[in-house]
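Residue numbers (the numbering used here): 17 to 292.
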């Protein structure tokens, strides 16, 4: 895309004096414009200026592996499943290409570090669940979203704003559980994602979107208006969980009248799950 000199000056001016959140969005816009246009803007920035640094960050993104490659190279286990933590950060790069993943992984690590002394693996599951809930929803302040906001799906923004959809709040729960070696897995109920704690032959259902409310199987079925069946509560693979997150994000962009981003997401979804 060819930019006029007035447009270039306006972009440089905005980048020179804006909030971090606006700077994030402007860098995404530059990335969408392409490398050639971004280099034109870079040339117009004064050396050592904030605008020069911000545009330089975007230029570095063009040298990194593409998202297509990132999704193709997601680590798979012997069953073909992915690591959920790796997957959610790959998706976050769709919205935030210059994301500092290590900073967010450090934050997750610290959360697990704070939780570890409070949890004994041989403790009663209900007590463990209550400890997790108190930490996430009372101390950390994670809470539910009901808006069509892409940032409620991007994992970095969920951590930043402590707000998310059922599936992204469940992902927080699942990733911390994995770091703490707790037997918690995802359950992809229709229209509402939850998690379950597996204790011997007992499955305890938890709704992270409702502050970790513990549900019976009947209450889960009532929540979504379905009849109870074995398939309804089966364990959701990490790959399917990421696919569903991506599909939610695709619908969000369609609702925001951004078919271009929705189409790009559909392409990445096909890379992740070619058979769907």
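Ideal placement from N, C-alpha and C gives every residue a C-beta, glycine not left out.
Query, Result
"Less than 8 Å between the CB atoms is what I'm expecting for residue 46 and residue 28, so what's the real figure, rounded?", "Not confirmed; about 11 Å, so no contact."
"Rank 229, 236, 136 by C-alpha distance to the C-alpha of residue 199 and give the top, closest one.", "136"
"With DSSP collapsed to three states, give me the class of residue 44.", "helix"
"Between the region 59-74 and the region 123-138, can you find at least three pairs of beta-carbon atoms closer than 8 Å?", "no"
"In its own chain, which residues sit with a C-beta less than 7 Å from the C-beta of residue 177, not counting the 5 before and 5 after it?", "167"
"Should the region 253-261 be regarded as contacting the region 221-237, the criterion being three or more beta carbon pairs within less than 8 Å?", "no"
"Could you please give the first and the last residue of the uninterrupted alpha helix (DSSP H) stretch that includes residue 289?", "Premise fails: residue 289 is in no alpha helix (DSSP H) and is neither H nor E."
"Let me check understanding here. Comparing Cα to Cα, which of 212, 196, 49 lies closest to residue 186?", "212"
"Residue 229 lies in the beta strand (DSSP E); which residues open and close that run?", "229-231"
"For the candidate residues 95, 267, 273, 255, whose alpha-carbon lies nearest to that of residue 106?", "255"
"Could you give the residue range of the alpha helix (DSSP H) that holds residue 218?", "Per DSSP, residue 218 belongs to no alpha helix (DSSP H); it is in the beta strand (DSSP E), 218-223."
"Within 10 angstroms of its Cβ, does residue 40 collect 16 or more other Cβ (buried), or is it exposed?", "buried"
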